[in-house]
Amino acid sequence: MCAYGGSVPASRACVLRARRTVSWRPTGSAVREGPSVIAKHPGGAFLAFFYVVSWILFLPALLGTLGFGLIPVEIPAQPSILLLSLIALAGGAFLITRIADGKDAVRDLRRRYFTWRTGPQWYLLALFGAPLLLLVGAAVVQGPATLSAFAAKLPQFLPTYLINLVLIAVLISIWEETGWMAFLTARWQKRFGPVFASLMVAPLFGLGHIPLLFISGGITDSGRLAPSEVPEYVFYLLLLFSVPVRLIVTWIFNSTGGSLPVVALAHASLDTTASAAILTGFYPDVDGRLLYFGLAIVAIAVLLITRGRLGYHEAIPGAQRVAIPVPAPVPLS
Numbered sequence: 012m013c014a015y016g017g018s019v020p021a022s023r024a025c026v027l028r029a030r031r032t033v034s035w036r037p038t039g040s041a042v043r044e045g046p047s048v049i050a051k052h053p054g055g056a057f058l059a060f061f062y063v064v065s066w067i068l069f070l071p072a073l074l075g076t077l078g079f080g081l082i083p084v085e086i087p088a089q090p091s092i093l094l095l096s097l098i099a100l101a102g103g104a105f106l107i108t109r110i111a112d113g114k115d116a117v118r119d120l121r122r123r124y125f126t127w128r129t130g131p132q133w134y135l136l137a138l139f140g141a142p143l144l145l146l147v148g149a150a151v152v153q154g155p156a157t158l159s160a161f162a163a164k165l166p167q168f169l170p171t172y173l174i175n176l177v178l179i180a181v182l183i184s185i186w187e188e189t190g191w192m193a194f195l196t197a198r199w200q201k202r203f204g205p206v207f208a209s210l211m212v213a214p215l216f217g218l219g220h221i222p223l224l225f226i227s228g229g230i231t232d233s234g235r236l237a238p239s240e241v242p243e244y245v246f247y248l249l250l251l252f253s254v255p256v257r258l259i260v261t262w263i264f265n266s267t268g269g270s271l272p273v274v275a276l277a278h279a280s281l282d283t284t285a286s287a288a289i290l291t292g293f294y295p296d297v298d299g300r301l302l303y304f305g306l307a308i309v310a311i312a313v314l315l316i317t318r319g320r321l322g323y324h325e326a327i328p329g330a331q332r333v334a335i336p337v338p339a340p341v342p343l344s
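Numbering (this note's numbering), first residue to last: 12 to 344.
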């Protein structure tokens with residue numbers, strides 16, 4: 012207790028003690044309470060990270076002679092695609108998961124890489140679904156002679172196709188699907204359901220491929236797209252190709268217990284089947300766009316067969332009716 016009117020030294024001692032007992036607390040904007048912006052909006056944070064990093068990675072190829080030719084150096088897009096899958100997609104997924112959900116969620120996401128145990132039918136579908144779909148579509152549109160021509164090249168097709176598929180799956184697809192499927196779609200389907208989550212991810216997935224349209228050998232192995240072809244491929248990327256692919260990938264992911272290896276094989280199978288090495292070597296007279304229409308038919312069939320659940324076993328938001336409580340009747344006296 013400090014008494015006023017005492018000696019000067021005593022008064023100074025009281026002031027010093029008072030200063031030591033006063034604690035300063037910031038007010039207003041200086042106080043940050045609750046979760047961070049990333050924790051509140053992990054999906055948006057992931058997309059912002061992905062698009063910024065992806066454009067930075069694609070910038071050298073876009074500026075080189077294979078792109079807009081602003082610098083006299085030939086820079087292919089393939090290294091950018093590999094780094095994008097590792098850093099922007101897989102790296103972004105783990106980074107945002109760690110910030111938003113903590114270490115346990117990171118461990119759960121990492122466990123997806125080791126989810127191998129599932130039915131053999133899913134491996135067969137992932138490995139051979141795309142080339143068979145293209146072959147059936149070609150036979151329907153161009154006649155059964157396509158089947159006999161393909162059968163004659165089957166011994167050469169299998170090793171070429173499988174080697175390319177495994178390389179793409181290990182180097183690119185599994186890291187790509189870490190972001191698009193295991194992080195973003197898996198998160199959004201808990202909130203919006205599997206169909207709406209897939210439909211929302213589809214154009215975002217396609218948008219990430221837009222820079223490749225302006226790089227020679229980026230979107231097609233045959234070379235640079237003509238300006239008149241760009242709108243057509245934008246339509247494929249944002250709608251005709253992306254929507255069926257995201258629906259089918261979500262179905263495979265949910266039906267295999269969240270297996271990233273199976274999803275990566277399915278994704279790599281599509282990329283391999285649509286590549287120039289496979290199309291020109293083993294489907295020489297087949298229009299590769301038949302694969303897009305075949306995927307659309309398969310996606311519609313999957314939606315109908317699964318009744319929109321796409322293998323998702325949790326309660327779908329908005330699928331249940333809201334129970335309205337009814338008051339008990341009041342007995343008449």
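In this text, a Cβ means the ideal position worked out from N, Cα and C, and glycines have one as well.
Considering residue i, what are the terminal residues of the alpha helix (DSSP H) in which it resides?
i, result
"Lys51", "Val48 to Lys51"
"Arg318", "Neither: Arg318 is in no alpha helix (DSSP H) and is coded neither H nor E."
"Val273", "Leu271 to Thr284"
"Gly140", "Pro131 to Gln153"
"Asp112", "Gly103 to Asp112"
"Gly217", "Pro205 to Leu218"
"Thr157", "Ala156 to Ala163"
"Pro242", "Val241 to Phe246"
"Ile346", "Since the first residue of the chain shown is 12 and the last is 344, residue 346 is not available in this structure."
Whose C-beta lies closer than 6 Å to the C-beta of residue i among residues of the same chain, with five residues either side of it excluded?
i, result
"Ile327", "Gly204"
"Thr267", "Thr129, Trp133 and Val273"
"Ile86", "Pro71, Ala72 and Gly75"
"Thr157", "Ala149 and Ala150"
"Phe293", "Lys164 and Phe168"
"Thr110", "The amino acid at residue 110 is misidentified as Thr; the sequence shows Ile. Answer for Ile110: Ile49, listed in chain order."
Excluding five sequence neighbours on each side, which residues of the same chain lie with their C-beta closer than 7 Å to the C-beta of residue i?
i, result
"Gly154", "none"
"Tyr303", "Tyr247, Leu251 and Phe252"
"Ser227", "Leu77, Gly234 and Arg235"
On the CB-based measure, 16 or more other CB atoms within 10 Å of its CB, does residue i come out buried or exposed?
i, result
"Trp262", "buried"
"Thr108", "buried"
"Pro166", "exposed"
"His324", "exposed"
"Glu240", "exposed"
"Ile230", "buried"
"Pro131", "exposed"
"Gly305", "buried"
"Leu290", "buried"
"Trp191", "buried"
"Phe194", "buried"
"Leu138", "buried"
"Pro83", "exposed"
Pick helix, strand or coil for residue i, following the three-state DSSP scheme.
i, result
"Leu120", "helix"
"Gly78", "coil"
"Phe252", "coil"
"Trp191", "helix"
"Glu85", "coil"
"Arg128", "coil"
"Leu236", "coil"
"Val42", "Confidence at Val42 is low in this model, with a pLDDT of 41, below 50, so the placement of that residue is unreliable and no value is reported for it."
"Ile221", "helix"
"Ile311", "helix"
"Ser266", "helix"
"Asp298", "coil"
"Ala56", "helix"
"Ser65", "helix"
"Pro170", "helix"
Beta carbon of residue i, beta carbon of residue j: below 7 Å?
i, j, result
"Phe216", "Ser184", "no"
"Ala101", "Thr196", "no"
"Ser91", "Phe61", "no"
"Leu97", "Trp186", "yes"
"Ala99", "Ser65", "yes"
"Ala275", "Ala162", "no"
"Arg123", "Leu271", "yes"
"Gly78", "Phe225", "yes"
"Leu223", "Ala88", "yes"
"Thr283", "Asn175", "yes"
Taking only heavy atoms of the ligand GTP into account, decide whether any of them is closer than 6 Å to the Cβ of residue i.
i, result
"Gly154", "As for the ligand GTP, it is missing from this structure, which has no ligand bound."
Establish whether the CB of residue i and some CB of chain D are separated by less than 7 Å.
i, result
"Ala310", "Looking for chain D here will not work: only one protein chain is present."
So, at 8 Å on beta carbons, what are the nonlocal neighbours of residue i in its own chain, with the 5 sequence-adjacent residues on each side left out?
i, result
"Val177", "Ala279"
"Thr317", "Trp262"
"Phe120", "According to the sequence as given, residue 120 is Leu; it is not Phe. Excluding sequence neighbours, Leu120 sits near Ala104, Phe105, Thr108, Thr189, Ala193 and Phe194."
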